[in-house]
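The working numbering numbers the first residue of the sequence shown as 115 and each following residue consecutively. Every residue gets a Cβ at the ideal spot worked out from N, C-alpha and C, and that includes glycine. Values in this document were obtained by computation on a predicted structure and should not be read as measured data.
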Amino acid sequence: MTDIIDTAARALSAGLMLFGIVVLGLVEVLAGQPYSPVPMTNEAGEVVATPLIAPEIRTGFVLAGLAVLGLYAAYRLVAPLPEDRDVSHETMAD
Numbered sequence: 115m116t117d118i119i120d121t122a123a124r125a126l127s128a129g130l131m132l133f134g135i136v137v138l139g140l141v142e143v144l145a146g147q148p149y150s151p152v153p154m155t156n157e158a159g160e161v162v163a164t165p166l167i168a169p170e171i172r173t174g175f176v177l178a179g180l181a182v183l184g185l186y187a188a189y190r191l192v193a194p195l196p197e198d199r200d201v202s203h204e205t206m207a208d
């Protein structure tokens, strides 16, 4: 059971962080200029360009991935260790 939870937690956290950093970053690059995370204004103060994806959304995906990793770490601290039933311990006779 813990193997399934381990794999799922690692896959979910890695997927969320990669989506927030790599995939949405590539979408921003392919969308073209501006590469700034804040709206760009001209000298009159009018907004002339905004990013395609808000930085709060990208940060949210990364933080969600880190939260999953934190919950996984807390689970591993609380969950009992699996007992090795196949391992036999031998003792030397005197």
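In the structure shown, Val162 adopts extended strand secondary structure according to DSSP, grouped into three states. Within the same chain, and ignoring the five residues on either side of Ala163 in sequence, the residues whose Cβ sits closer than 6 Å to its Cβ are Pro148 and Met154. Taken in chain order, the complete beta strand (DSSP E) segments of 3 or more residues contained in the segment 172–201 number zero; there are none.
Taking Glu142 as the centre and dropping the five residues before and after it, the same chain places the C-beta of Tyr149, Pro165, Leu166 and Ile167 closer than 8 Å to its C-beta, in chain order.
Asp120 and Leu177 have their C-alpha atoms spaced approximately 19 Å apart. Within 10 angstroms of the beta-carbon of Leu140 lie fewer than 16 other beta-carbons, which makes it exposed. If the five residues before and after Gly146 are omitted, its C-beta is found closer than 7 Å to no C-beta atom of its own chain. When secondary structure is reduced to three states using DSSP, Thr155 falls in the strand class. The beta carbons of Leu126 and Val192 sit no closer together than 8 Å.
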